[in-house]
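Input: a single structure, listed below in structure tokens.
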Ligand SMILES: [Zn+2]
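Residue numbers (the numbering used here): 55 to 217.
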């Protein structure tokens, strides 16, 4: 049985989200984040990858980025929350979504999208309704300081620090 099902989102009323089909413990892999691997150079050069679509891009390493902006990337439906219960994890060229809290059946899965503060954050208001919501979709470690780019290595540090 899949650990998620697709439903209209409580966070993004115009869109869909993924919901837990049963109680799930923290540290459980939910779904692979799939897409196309492109070079960082292409991201920098192409108009398609300007700041309008940062939520689907993951810098994998010095050379490659994963572009998850495809309808078949179900994990792309997971919405951002300032009090996220899941996080992106990665190894090599793969990215997946893992729970970071115990989740009850019927809860919506949420991630920290990891936008940098210096990207045009005001075009991405956050409606997650978490107590700590900062009003915009900006990654946790950037809500108080400017940081250029999301990267898995930064993300890993954040996960380790919070443990
Ligand atoms: Zn929020």
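Glycine included, every Cβ here is placed at the ideal spot set by N, Cα and C. For clarity, every value in this text was computed on a predicted model and none was experimentally measured.
#### Entry: Range covered by the beta strand (DSSP E) that runs through residue 148
148 to 153
### Query
So the beta strand (DSSP E) residue 143 belongs to, where does it begin and stop?
140 to 145
### Task
Within the same chain, show all residues whose beta-carbon is closer than 6 angstroms to that of residue 138, passing over the 5 residues directly before and after it, in chain order.
164, 165 and 166
### Query
Based on Cα-Cα distance, which residue from 71, 55 and 95 lies nearest to residue 61?
71
### Task
Go ahead and pull the three-state DSSP assignment for residue 71.
Looking at residue 71 - three-state DSSP - the assignment turns out to be strand.
### Query
Listed by chain order, which residues have C-beta atoms less than 5 angstroms from any heavy atom of ligand 1?
136, 180, 182 and 187
### Message
residue 141 and residue 128 - do their beta-carbons sit closer together than 8 angstroms?
### Response
no
### Message
Looking at the secondary structure, which residues open and close the beta strand (DSSP E) in which residue 61 lies?
### Response
58 to 62
### Query
Looking only at C-alpha atoms, which of 80, 126, 121 and 148 sits nearest to residue 102?
121
### Message
If I follow the unbroken beta strand (DSSP E) through residue 90, where does it start and stop?
### Response
DSSP places residue 90 inside the beta strand (DSSP E), whose first and last residues are 90 to 93.
### Message
Looking at ligand 2, does it come within less than 7 angstroms of residue 96, judged from the CB to the closest heavy atom?
### Response
Ligands in the displayed structure: ligand 1; ligand 2 is not one of them.
### Cβ-based neighbour list, residue 133, same chain, cut-off 6 angstroms, excluding 5 preceding and 5 following
63, 65, 66, 71 and 164
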